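Read top to bottom, the protein sequences are chains A and B. When we follow the working numbering, the leftmost residue of the first sequence carries the number 375, and every step to the right adds one. When we follow the working numbering, the leftmost residue of the second sequence carries the number -6, and every step to the right adds one. Backbone N, C-alpha and C fix where the C-beta goes; we use that ideal spot for every residue, glycine too. None of the values given here were measured: they were computed from a predicted structure. These notes concern the structure reproduced below.
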Amino acid sequence: MELFFSQILDGLSIGSVLLLAATGLAIVFGLMGVINLAHGEFMMLGAYVTYVVQSAFKPMGGVIFELYFPISLVLAFIVTALIGVLLERTLIRQLYGRPLETLLATWGVSLILIQLIRSVSTAMMLGIIVGVVVGFLLSKLLGAKFSEKPFFTYLNGLGWAIAIGIGLVAVNLFDQIRPLSKAWFGPRNIDVTAPKWLQGSWGMIGTIELPGLRIFIILLSALLLLATYWFLNKSVWGLRIRAVTQNRQMSNCLGIPTDRVDSITFGIGSGLAGVAGCAITLLGSVGPNLGAAYIVSCFMVIVLGGVGNLLGTVLASLLLGIIQSVIGSGTLLTIFPDMPLAAKGVIEFFATTSMSLVLVFIFIIVFLQFRPNGMFPQKGRSVDA
Amino acid sequence: MKLFQRLVPWILLAIALFILPAALDDFRLNLFGRYFALSITALAIDLIWGYTGLLSLGQGIFFALGGYAVAMNLMLNTKSLAGGNGIPKFFENYGVDQLPFFWQPFWSPVFALMALWVIPAAVAGVVGWLIFRNRIKGVYFSIITQAALMVFFHFFNGQQKLFDGTNGLKTSTTELFGQLVGSPDMQVWFYRLTVVLLPLAFLVCRYFTSGRFGDALIAIRDDESRLRFAGFNPVPFKTIVFLVAGALCGISGALYTVQSGIVSPQYMSISFSIEMVIWVAVGGRGTLVGPIIGATLVNYLRSLVSEALPEAWLFVQGALFIFVVVLMPDGIYGWITKGGFRTFLAAFGIAKKAKTYPQLDKEAIPVD
Chain A
375 MELFFSQILD GLSIGSVLLL AATGLAIVFG LMGVINLAHG EFMMLGAYVT
425 YVVQSAFKPM GGVIFELYFP ISLVLAFIVT ALIGVLLERT LIRQLYGRPL
475 ETLLATWGVS LILIQLIRSV STAMMLGIIV GVVVGFLLSK LLGAKFSEKP
525 FFTYLNGLGW AIAIGIGLVA VNLFDQIRPL SKAWFGPRNI DVTAPKWLQG
575 SWGMIGTIEL PGLRIFIILL SALLLLATYW FLNKSVWGLR IRAVTQNRQM
625 SNCLGIPTDR VDSITFGIGS GLAGVAGCAI TLLGSVGPNL GAAYIVSCFM
675 VIVLGGVGNL LGTVLASLLL GIIQSVIGSG TLLTIFPDMP LAAKGVIEFF
725 ATTSMSLVLV FIFIIVFLQF RPNGMFPQKG RSVDA
Chain B
-6 MKLFQRLVPW ILLAIALFIL PAALDDFRLN LFGRYFALSI TALAIDLIWG
44 YTGLLSLGQG IFFALGGYAV AMNLMLNTKS LAGGNGIPKF FENYGVDQLP
94 FFWQPFWSPV FALMALWVIP AAVAGVVGWL IFRNRIKGVY FSIITQAALM
144 VFFHFFNGQQ KLFDGTNGLK TSTTELFGQL VGSPDMQVWF YRLTVVLLPL
194 AFLVCRYFTS GRFGDALIAI RDDESRLRFA GFNPVPFKTI VFLVAGALCG
244 ISGALYTVQS GIVSPQYMSI SFSIEMVIWV AVGGRGTLVG PIIGATLVNY
294 LRSLVSEALP EAWLFVQGAL FIFVVVLMPD GIYGWITKGG FRTFLAAFGI
344 AKKAKTYPQL DKEAIPVD
């Protein structure tokens, strides 16, 4: 039985990592209807922010180093939220009302982010800055002269193409200088050491040990969830977000700045992803491909829980975490040693991490046969709800 | 323009049949054979996405199933690869001494030839029916197909005893008609086979997209609720078209497998299935020539970029996704046939502007 409880605890912590990751997605997808396939990559960015903060704090040592983690949590939120706002303002804004197109475009963004983290170096950063600056200058320059002409769009495109070319040349030039060409992170995984106060045990309940890391992650996700709930339901901006979700045009007519609401919603969703990434660094080494491992599970959580419903998200992620952990570790066999042979064979068949995922996904697809809109469906009268 | 649209498929076919084999060496020809095999997948995705509006992110399932069907047959029928019990050697690594039961029928080439499209079609039919029956559509459909893809990926990846897991099944060292499948002679034959099957797939897609069935598909894409209110049940239409697309993907996967020399769970990775969609988007969805052009061009570009600068490919691919979606939603072929090229020339004063009547933005429209 002890084993069972510790397995449940394990499942809860897997579930709360999922919950951390899915809360941001629930906001972006549930409230804005935007499919953000780059969500996993925002988590990855959060993890790398943590790594940078840790590296910066390392030389200080002692008590100050122990404090790096709370700081990196905040920084991860801010950095990923800012990148999220930037993405929303430049790209996603153009694609509202076309969810499938958004899906493809954000996938493109995720590919670029993955490769950027793999190969970013000072030289590349400088090159990108040169390219963007030249692009804006050219665009302004051409706009001043030809903005009325019918061929301006094409000319502008040509200007940006030239800017990209100049940026590439600049990257190559900067690459010649040795110290600039060194990759910041490289394609390999990075390791973040958890601060001492998180390692080890946080006491016992009966005979069950409480591992600090896991408890911390559970607490963190609970806290963030409460904060999100408070923000959406009690704050002014939360009220505006909910209003825009219900009826965009009417909100606009009543003076709610809908485009700022969009930016803020997307920013918060991305920021939460960053925090999730920060928490994931505690569980093991992370790499540029971190996002892919979580993104499908996150979407499953949202679909299972019911879109736009925080309670559904909580239940679904914890449920998935527990199923995955209990089945995947084969604990059922140790708890019930004398079950019929057939059942034993089935459980053994699914008792690996990847096979438990198979079972979980099949479970979700079967579940959706009975409740196509998830556990807590949105109520509405529209045909296409 | 009409004549141009009618001629394009024939010109492409002539190039593929006569010009490419003469102009390219064996290696390049093999690459083009692969591109054409992938073009069949692109056609299938166009059928369900471009015409029916179902964005499936799980076509990799059917692609890989077709590949596995062929690879299993080839492995079983190759004497040199057989281990102790007359079964493929890799089984020995995992201590399996009896052929798993579902491998048995793959001894027969006839069965394998049927299985490579019947099995994907059956899986697609069942999965599709389960999803469509519940009126799951739009992005939810995409997410569910992606989850189904993960189910199959983890299953094939985790079951070493059944499919050799991550390693996949290698076909280049197997034999067919007494020759190595990977040998240049065989590869030329596979190229010819692909070039023959691609137009057939094209015709199948044209059959399904023309006439009343095609109209129903387009109606589903544009307004499914209205179709339902008009008294049609969209479920059979969607299921049939998804099933056909599954079969086409299976054929495509089989052709790709014999030409690339291996089938592995990587064919069921998330990224590969999304990539397939972008081939269609680049070429032009909702047209039948577009996907072929798109699949060939994007994959050719991929080979070029990966040979020159391997790290740059993801940047290029990501930029391609964003560019096509935001600036060129009709794709290359759609851009040309829908007058984009003409507008382009007109903007520079080279071609005459298209006449529009009434000029909505300039003239006031009299109300009553």
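Given a cut-off of 9 Å, decide if G695/A and A725/A are closer than it, judged by their beta-carbon atoms.
Position 351 of the first sequence, counted from the first residue, corresponds to residue 725/A. Position 321 of the first sequence, counted from the first residue, corresponds to residue 695/A. It is not a contact, given that the beta carbons lie outside the stated cut-off.
C-alpha gap between L478/A and V270/B, whole angstroms:
Mapped onto the first sequence, residue 478/A falls at position 104. Mapped onto the second sequence, residue 270/B falls at position 277. Computed Cα separation, rounded: 8 Å.
For P81/B, list the residues DSSP reports as bridge partners.
Position 88 of the second sequence, counted from the first residue, corresponds to residue 81/B. Per DSSP, A75/B.
Closest by C-alpha distance to F559/A, when choosing among P746/A, I382/A, V453/A and L487/A:
In the first sequence, the residue the question calls residue 559/A occupies position 185. The residue with the shortest Cα to Cα distance from F559/A is L487/A.
Within its chain, find whatever has a CB closer than 6 Å to the CB of G404/A; leave out the 5 residues flanking it on each side and keep chain order.
Position 30 of the first sequence holds residue 404/A. The answer, listed in chain order, is V681 and G682.
Taking only the alpha-carbon atoms, compute the straight-line gap between T397/A and I285/B and give it to the nearest angstrom.
Walking along the first sequence from the start, residue 397/A turns up at place 23. Walking along the second sequence from the start, residue 285/B turns up at place 292. Their Cα atoms are separated by approximately 40 Å.
For a test of the three-state rule: what should DSSP assign to Q152/B, helix, strand or coil?
Counting from one through the second sequence, the residue named residue 152/B turns up at place 159. Correct three-state label for Q152/B: coil.
Near-chain A residues of the segment 116 to 144 of chain B - C-beta to any C-beta below 9 Å:
V120, L123, I124, R126, N127, R128, I129, K130, G131, V132, Y133, S135, I136, I137, Q139, A140, A141, L142, M143 and V144
Closest Cα partner of G641/A within the set R588/A, S446/A, L456/A and F379/A:
As a first step, residue 641/A is located in the first sequence; it is residue number 267 there, counting from the start. Residue L456/A is the option with its Cα nearest to G641/A.
Report all residues from its chain with a CB closer than 8 Å to the CB of Y28/B; omit the five preceding and five following residues, and keep chain order.
Your numbering for residue 28/B matches position 35 in the second sequence. Cβ neighbours of Y28/B beyond the five flanking positions: A288, T289, N292 and Y293.
Could you pull out every residue in the same chain whose Cβ sits closer than 7 Å to the Cβ of S612/A, ignoring the five residues on either side in sequence?
In the first sequence, counting from the first residue as 1, residue 612/A sits at position 238. Sequence inspection shows Gly at residue 612/A; the Ser mentioned does not correspond to that position. For G612/A, where only same-chain residues beyond five positions count, the Cβ hits under 7 Å are F605 and L606.
Using a Cβ-Cβ cut-off of less than 9 Å, give me the residues of the segment 465 to 482 of chain A that come near chain B, in sequence order.
L465, Q468, L469, R472, P473, L474, E475, T476, L477, L478, A479, T480, W481 and G482
Taking the alpha carbon of L383/A as the reference point, which residue from I592/A, G665/A and V732/A has its own alpha carbon closest?
The residue given as residue 383/A occupies position 9 in the first sequence. Among I592/A, G665/A and V732/A, the Cα nearest to that of L383/A is on I592/A.
Apart from the five residues just before and just after E168/B, which ones in its own chain have a Cβ nearer than 6 Å to its Cβ?
Walking along the second sequence from the start, residue 168/B turns up at place 175. T71, listed in sequence order.
Measure the beta-carbon distance from I124/B to I137/B and round it to whole angstroms, keeping in mind my assumption that it falls under 8 Å.
As a first step, residue 124/B is located in the second sequence; it is residue number 131 there, counting from the start. As a first step, residue 137/B is located in the second sequence; it is residue number 144 there, counting from the start. Indeed, because the Cβ distance is near 6 Å, the residues count as touching under 8 Å.
What does a CB cutoff of less than 8 Å around E356/B pick up in its chain, not counting 5 residues either side in sequence?
The sequence position of residue 356/B within the second sequence is 363, counting from 1. Any answer about E356/B is weak, because its pLDDT of 47 lies below 50 and its placement is not dependable; what the coordinates show is given next. Counting only Cβ-Cβ distances below 8 Å, and skipping sequence neighbours, we find nothing.
Run down chain A in chain order and give the residues with a C-beta less than 9 Å from the C-beta of V319/B.
Translated into the one-based positions of the second sequence, residue 319/B becomes position 326. Residues of chain A passing the Cβ test: L465, Q468, L469, E475 and A479.
Taking its Cβ as the centre, do 16 or more other Cβ atoms sit within 10 Å of L532/A, making it buried, or is it exposed?
Residue mapping note: residue 532/A aligns to position 158 of the first sequence, counting from 1. The residue in question, L532/A, is exposed, as its Cβ has fewer than 16 Cβ neighbours within 10 Å.
What residue range does the alpha helix (DSSP H) around M418/A cover?
As a first step, residue 418/A must be located in the first sequence, where it is residue number 44. From DSSP, the alpha helix (DSSP H) with M418/A extends over H413 to F431.
When the Cβ atoms of the segment 140 to 158 of chain B are set against those of the segment 250 to 265 of chain B, are three or more pairs found closer than 8 Å?
yes
Touch test, the segment 505 to 522 of chain A against the segment 323 to 335 of chain B, Cβ-Cβ under 8 Å, three pairs minimum:
no
When burial is assigned at 16 or more other CB atoms within 10 Å of the CB, is M418/A buried or exposed?
Position 44 of the first sequence holds residue 418/A. The residue in question, M418/A, is buried, as its Cβ has 16 or more Cβ neighbours within 10 Å.
Answer yes or no: does any C-beta atom of chain A fall closer than 9 Å to that of L13/B?
Mapped onto the second sequence, residue 13/B falls at position 20. Answer no: the Cβ-Cβ gap between L13/B and chain A never drops below 9 Å.
Once the 5 residues before and after A37/B are set aside, which same chain residues still bring their CB inside 6 Å of it?
As a working note, residue 37/B is residue 44 in the second sequence. Same-chain partners within the cutoff: A238, L241 and C242.
Flag this pair as yes or no: are the beta carbons of Q381/A and V700/A separated by less than 9 Å?
The residue given as residue 381/A occupies position 7 in the first sequence. The residue given as residue 700/A occupies position 326 in the first sequence. Yes, the Cβ-Cβ distance between Q381/A and V700/A is below 9 Å.
Would you identify the three-state DSSP class for K718/A, choosing helix, strand or coil?
Reading the first sequence from its first residue, position 344 is the one you call residue 718/A. Of the three classes helix, strand and coil, the one that applies to K718/A here is helix, per DSSP.
Put S760/A into one of helix, strand or coil per three-state DSSP.
The question about residue 760/A has no answer, for chain A in this structure spans 375 to 759.
Can you tell me where the alpha helix (DSSP H) holding A601/A begins and where it ends?
Locating residue 601/A in the first sequence gives position 227, counting from the first residue. G586 to K608 is the span of the alpha helix (DSSP H), which, as asked, contains A601/A.
Return yes when the Cβ of V423/A is within less than 9 Å of the Cβ of P652/A, no when it is not.
Counting from 1 along the first sequence, the entry for residue 652/A is found at position 278. Counting from 1 along the first sequence, the entry for residue 423/A is found at position 49. Residue 652/A is actually Cys in this sequence, not Pro. In contact: C652/A and V423/A (Cβ atoms closer than 9 Å).
Between D39/B, L(-4)/B, A117/B and V1/B, which lies nearest to V273/B when the distance is taken from Cα to Cα?
Locating residue 273/B in the second sequence gives position 280, where the first residue counts as 1. Among D39/B, L(-4)/B, A117/B and V1/B, the Cα nearest to that of V273/B belongs to D39/B.
Using a C-beta to C-beta distance shorter than 8 Å, which residues of chain B count as neighbours of F431/A?
Here the question's residue 431/A lines up with position 57 in the first sequence. Going along chain B, no residue has its Cβ under 8 Å from F431/A, so there is no contact; the nearest lies around 30 Å.
Could you name each continuous alpha helix (DSSP H) segment of 4 residues or more that falls completely within the segment 84 to 164 of chain B, going from the start of the chain to the end?
102 to 126, 132 to 151 and 153 to 156
Hey, out of W42/B, T166/B and P102/B, whose CA is closest to I213/B's CA?
If you number the second sequence from 1, residue 213/B lands on position 220. The residue with the shortest Cα to Cα distance from I213/B is W42/B.
Can you find the residues in the same chain that come closer than 7 Å, C-beta to C-beta, to S495/A, ignoring five residues on each side of it along the sequence?
If you number the first sequence from 1, residue 495/A lands on position 121. Excluding sequence neighbours, S495/A sits near L554, S555, K556, A557 and W558.
Given 8 Å, three or more beta-carbon pairs between the segment 180 to 193 of chain B and the segment 7 to 24 of chain B:
yes
L169/B - DSSP class collapsed to helix/strand/coil
As a position in the second sequence, residue 169/B is number 176, starting the count at 1. Correct three-state label for L169/B: strand.
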